[in-house]
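S.K.:
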Amino acid sequence: MVLGHAESAVLAFDVGGTDVKAGLVDPSGNVLGMRRVPTPLDPLNPGEAVLDRLAGLADELASEFPDIPAKAAGVIVPGIVDSVGGIGIYSANLGWRNFPFTAEAEKRLGLPVAFDHDVRSAAAVEHAFGGSKEFNDVVVMVVGTGIAAAVFSGGVPVTAGGFAGELGHAQVPDPDAGAEPTGTEATRTEATGAAILEAVGSAGAIAKRYSRKSGNTVDGARDVLLRSQKGDAVAARVWADAVDALAFTICQCVNIIGTEAVVIGGGLAEAGEDLLEPLRARVDQILDFQRRPRLIQAQLGQDAGLLGAALNARALLDGAR
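Counting in this note's numbering, the sequence shown runs from 3 upward without gaps.
1. According to DSSP, is Q254 part of a helix, a strand, or is it coil?
2. Can you tell me the Cα-Cα spacing of N257 and P175, whole angstroms?
3. So, with DSSP's three-state summary, where would you put S10?
4. How big is the Cα-Cα spacing for G88 and G222?
5. Go through its chain and collect everything with a Cβ distance to A196's Cβ below 6 Å, but skip five positions before and after it.
6. State the start and end residues of the unbroken alpha helix (DSSP H) segment that holds D61.
7. Buried or exposed: which applies to P45, given that a residue is buried once 16 or more other Cβ atoms fall within 10 Å of its Cβ?
8. State whether the segment 64 to 79 contacts the segment 152 to 162, with contact taken as three or more CB pairs (one from each stretch) at a distance under 8 Å.
9. Taking the beta strand (DSSP E) that F103 belongs to, which residues open and close that run?
10. Note down, one range per segment and in chain order, each beta strand (DSSP E) of at least 3 residues found wholly within the segment 136 to 181.
11. Determine the DSSP secondary structure at P45, reduced to helix, strand or coil.
12. Could you work out which residue in Q287, S204, G167 is closest to G269 when comparing CA atoms only?
13. Tell me whether G58 counts as near the ligand NAD, meaning its Cβ is closer than 7 Å to at least one heavy atom of that ligand.
14. For T147, which option in N138, G170, G133, F165 has the closest C-alpha, if you only look at C-alpha atoms?
15. Report the three-state DSSP secondary structure of V220 (helix, strand or coil).
16. For W98, is the classification buried or exposed, using 16 other Cβ atoms within 10 angstroms of its Cβ as the cut-off for buried?
17. Is L199 helix, strand or coil when you go by DSSP?
18. Starting from D120, trace the alpha helix (DSSP H) in both directions and tell me its first and last residue.
19. Pull up the CB-CB distance for A317 and G267, whole angstroms please, since I reckon it's below 8 Å.
20. With DSSP collapsed to three states, give me the class of D246.
21. Where D16 and A166 are concerned, what is the direct C-alpha to C-alpha distance, given to the nearest angstrom?
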C-alpha cells in the first residue's frame, strides 16, 4: 500500500477511548516500531495529556529509528472533529471541548500535523484500498461498543464541520417500545417509540440487551450470536433487533444520499456472513424501487486508523491538504 508520493517517513497516531496506537510509517505503508499504550485520562487537561503522551512516543520512535526521520505527523481522535480548523470539538469519552489539537500537537512534535477524525480517516483508507473502492457513494460504519460512520458522496468525504456521519445517534424504531424503561434507556424517545441506533444495533447494546432480558451474563455480541444459533429464543430476538436497526439506518442512507455500498467494520463485523446475510435480506425487504446497496465487510482490520493517520500526514507533505 503506497501512501502518496513523498519519499519521507511520517508519524501516525490513532487515539482511541482505550488505547493509543503509534508508529513510524514509511512511503510503502510499512508500520515501523508499532506501539499500543493506554490512552491517558486527565479530567482537568484531557487534550494536553494525550498530546504529551504522543510527544513521548515520538521521542521513542526517533531514538529507535534515527536514520528514518519523520517529516510530518498524522493524529486522529474520536468525537466531533473540525479537521480544517484543527479543533477537537467534543469527545464524550475523553473529555475535551474545543481543544486546538493541530496547533498544540505541532508545538510538541516540531512537525507539521494533519489532524482528523478516527473513523473518517480509517474509512478513507478502507474506501481507497478496500472492497468499496469501485463505488463513489459509500457509507463506512464501524460497529463496536458504539457506532460511528463516515460518508462519501461522489467520492468526496462529507464532513459538515465534523458533524456528519453520527449514525450511531440516528433514531430507529424501538423494539422495546411500550416496555417499562430501565437502566440507561433514557436514550429512548418515549413520545415516538424511537431509540438511537447505538442503543440497539451496536455490539455493546446486543450484549446489554440480552443480559437484561435473559438475566444471563455474556462476554459480548459474539456470545449472543452463538446462543441464538443454538436455539436461544431471547438471543435470536436480540440479534434480529440489531439487524433490523442496522438495516433501517442503511435504508435511510440509501433514500437520502443514494448510498451504493456500505462497508461494515468494527467488532461486530467479525461475525462475517452471520451478520451480512440477514442484513442484506432485511435491507432488500425494506427497500422498494431503490437500488440495493452492496454490503461489504471491512478488509483492512484494526490498523486502518493508523494507516489513515499516515495517509493524512502523507497528503500534507504532498501539498494536498
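We put the beta carbon where it would ideally sit given N, CA and C, even for glycine. If you're wondering where the values come from, they're calculated on a predicted model, not measured in any experiment.
M.R.: With the given structure in hand:
1. By 1-based counting over the sequence shown, the position of residue 254 is 252. DSSP places Q254 in helix when its eight states are reduced to three.
2. On the sequence shown, position 255 is the one that residue 257 refers to. On the sequence shown, position 173 is the one that residue 175 refers to. The straight-line gap separating the alpha-carbon atoms of N257 and P175 is approximately 17 Å.
3. The residue labelled residue 10 in the question sits at position 8 within the sequence shown. The answer is coil: DSSP assigns S10 none of H, G, I, E or B.
4. Working through the sequence shown from its first residue, we reach residue 88 at position 86. Working through the sequence shown from its first residue, we reach residue 222 at position 220. Taking the straight line from one Cα to the other gives about 36 Å.
5. Translated into the one-based positions of the sequence shown, residue 196 becomes position 194. Taken in chain order, the residues that qualify are Q173, D176.
6. Position 59 of the sequence shown, counted from the first residue, corresponds to residue 61. Where D61 is concerned, the enclosing alpha helix (DSSP H) stretches over 48 to 66.
7. Taking the sequence shown and counting its residues from 1, one reaches residue 45 at position 43. Exposed: under 16 other Cβ atoms inside 10 Å.
8. Result no; under three Cβ-Cβ pairs closer than 8 Å.
9. Indexing the sequence shown from 1 puts residue 103 at position 101. From DSSP, F103 is part of no beta strand (DSSP E) but of the alpha helix (DSSP H) over 103 to 111.
10. 140 to 145, 149 to 155, 158 to 160, 173 to 175
11. To locate residue 45, count along the sequence shown from 1; it is residue 43. Note: P45 maps to coil in three-state DSSP.
12. The sequence position of residue 269 within the sequence shown is 267, counting from 1. For the residues Q287, S204, G167, the minimum Cα distance to G269 belongs to S204.
13. Summarising the ligand content, the structure contains no ligands, and the ligand NAD is consequently not present.
14. In the sequence shown, counting from the first residue as 1, residue 147 sits at position 145. Cα-wise, what sits closest to T147 is G170.
15. Position 218 of the sequence shown holds residue 220. Here V220 sits in coil by DSSP.
16. Numbered from 1 along the sequence shown, position 96 holds the residue referred to as residue 98. By the 10 Å Cβ count, W98 comes out buried.
17. For the purposes of this step, residue 199 is identified with residue 197 of the sequence shown, where counting begins at 1. Correct three-state label for L199: coil.
18. As a working mapping, residue 120 is identified with position 118 in the sequence shown. Here the alpha helix (DSSP H) through D120 covers 120 to 131.
19. Walking along the sequence shown from the start, residue 317 turns up at place 315. Walking along the sequence shown from the start, residue 267 turns up at place 265. With a Cβ gap of about 22 Å, A317 and G267 do not count as contacting.
20. Residue numbering aside, residue 246 sits at position 244 when the sequence shown is read from its first letter. Of the three classes helix, strand and coil, the one that applies to D246 here is helix, per DSSP.
21. The residue you call residue 16 lines up with position 14 of the sequence shown. The residue you call residue 166 lines up with position 164 of the sequence shown. D16 and A166 have their alpha carbons spaced roughly 20 Å apart.
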